[in-house]
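A.B. asks: Under my numbering, read the sequence shown as residues 55 to 264, first letter to last.
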Amino acid sequence: MKSKDMNSGGYQYIPGVMQYSGGVAAKVGYKIVRARFLDLQPMEQGFQKIEQHLERVQRPLDAFCACELRSPAQFSQQGFADFNQGYAETLRQWGIMQGNDNPIARSNVCPAGNQPSSPSFHAFSYTVEADIDDQSFVIAGSGEAPEGKGDYADVTVAYGDTSEAGLRFKAEFVLGEMERRMSFFKATWQQTTAVQLYTVFNAYPVISAE
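#1: Quick one, are the C-beta atoms of V78 and P157 less than 9 Å apart?
#2: What are the boundary residues of the beta strand (DSSP E) that includes L108?
#3: Going by Cα to Cα distance, which pick from V254, Q244, A257, M60 is closest to P114?
#4: Should E183 and G64 be called a contact, given that it needs their Cβ atoms to be closer than 9 Å?
#5: Rounded to the nearest angstrom, how far is the Cβ of E17 from that of A225, given a contact under 8 Å?
#6: Should the stretch 104–119 be called in touch with the stretch 200–218, which here means at least 3 C-beta pairs below 8 Å?
#7: With DSSP collapsed to three states, give me the class of A89.
#8: So F223 and I86 are supposed to be a Cβ contact under 8 Å. How far apart are they, rounded?
#9: Rounded to whole angstroms, what's the CA-CA distance from G70 to D136? Just pull it up for me.
#10: Using a threshold of 9 Å, state whether the C-beta atoms of I104 and Y180 are closer than that.
#11: What residues match up with L123 in a beta bridge as DSSP calls it?
#12: Could you check whether G76 and A159 sit closer than 9 Å to each other, using their CB atoms as the reference points?
#13: One question on the structure: do P200 and P96 come within less than 9 Å of each other, judged by their Cβ atoms?
#14: Among the candidates Q245, S262, F255, whose CA atom is the shortest distance from the CA of D187?
#15: Please identify the residue among A127, A219, K58 whose C-alpha is closest to the C-alpha of G167.
#16: State the DSSP-derived secondary structure class of K224, mapped to helix, strand or coil.
#17: If we count the other Cβ atoms within 10 Å of its Cβ and call it buried at 16 or more, is Q66 buried or exposed?
#18: Please confirm whether F101 and I150 have their CB atoms less than 9 Å apart.
#19: Between Y74, Q73, T253, which lies nearest to P165 when the distance is taken from Cα to Cα?
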């Protein structure tokens, strides 16, 4: 599998599942800019503000390439499918998503505290024209389960195991998946400028060993 071009948006992406791509990287002549909302924005309102921001900076809708979401609680399998259908519909209306081919990288986190009342935008990324040599990229978030393999509960690595050994198995899978995705852009950890780890458990013993 190879990355695909989103030429109108100025980036390339790793084909993934319907709800998101595996990651995005700016094409030559562009860079990726991240913008964070001061407050979480519910989905419909967030899409509107993203559209308004892109208009202000004179970028087309398809310059939108990644987003970071926050949700109030874990979805059921059907609830996640329903949410993704509504999310994808806006991307289709914007002309970004064709069929089930979704170029947008995404992460979705359920905070342990200060949960939003509904799924919301925390931040988003988009491309701008830039004369730079360094490649900018965003890798989509991943839990400890392979994508597109059925119900998450059936394929989650070390399901329900929060021991140090269980967390190690989970971390090894996630780190390996991040490295696999970065390899599409010929990137490694050395090229990252920020890495976000989300867990309510103590991951230090595992991560420090890696």
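Where a beta carbon is used, it is the ideal one built from N, C-alpha and C, also for glycine.
C.D. replies: To lay it out plainly:
#1: Within the sequence shown, the letter at position 24 stands for residue 78. Within the sequence shown, the letter at position 103 stands for residue 157. Closer than 9 Å, so yes.
#2: Sequence index remark: in the sequence shown, residue 108 carries index 54 (1-based). Not the beta strand (DSSP E): L108 falls in the alpha helix (DSSP H), residues 97–110.
#3: Within the sequence shown, the letter at position 60 stands for residue 114. The shortest Cα separation from P114 among V254, Q244, A257, M60 belongs to M60.
#4: One-based indexing of the sequence shown puts residue 183 at position 129. One-based indexing of the sequence shown puts residue 64 at position 10. The answer is yes: Cβ separation under 9 Å.
#5: Outside the displayed span of the chain (55 to 264) sits residue 17, for which this structure offers no information.
#6: no
#7: Position 35 of the sequence shown holds residue 89. Strand at A89.
#8: To locate residue 223, count along the sequence shown from 1; it is residue 169. To locate residue 86, count along the sequence shown from 1; it is residue 32. Contact doesn't hold; Cβ gap of about 32 Å is too wide.
#9: Locating residue 70 in the sequence shown gives position 16, counting from the first residue. Locating residue 136 in the sequence shown gives position 82, counting from the first residue. Cα-Cα distance, rounded: 18 Å.
#10: The residue labelled residue 104 in the question sits at position 50 within the sequence shown. The residue labelled residue 180 in the question sits at position 126 within the sequence shown. Yes, they are a contact pair.
#11: Numbered from its first residue, the sequence shown carries residue 123 at position 69. In DSSP, L123 forms a bridge with N162, F175.
#12: One-based indexing of the sequence shown puts residue 159 at position 105. One-based indexing of the sequence shown puts residue 76 at position 22. Taking 9 Å as the Cβ cut-off, A159 and G76 qualify as a contacting pair.
#13: Locating residue 200 in the sequence shown gives position 146, where the first residue counts as 1. Locating residue 96 in the sequence shown gives position 42, where the first residue counts as 1. Result no, Cβ atoms of P200 and P96 do not sit closer than 9 Å.
#14: For the purposes of this step, residue 187 is identified with residue 133 of the sequence shown, where counting begins at 1. Minimum Cα distance to D187 is reached at Q245.
#15: Here the question's residue 167 lines up with position 113 in the sequence shown. Checking every option, the nearest Cα to that of G167 belongs to A127.
#16: On the sequence shown, position 170 is the one that residue 224 refers to. Helix, per DSSP.
#17: Position 12 of the sequence shown, counted from the start, is the residue given in the question as residue 66. With 16 or more Cβ atoms within 10 Å of its Cβ, Q66 is classed as buried.
#18: On the sequence shown, position 47 is the one that residue 101 refers to. On the sequence shown, position 96 is the one that residue 150 refers to. No.
#19: Numbered from its first residue, the sequence shown carries residue 165 at position 111. Comparing Cα positions, the closest option is T253.
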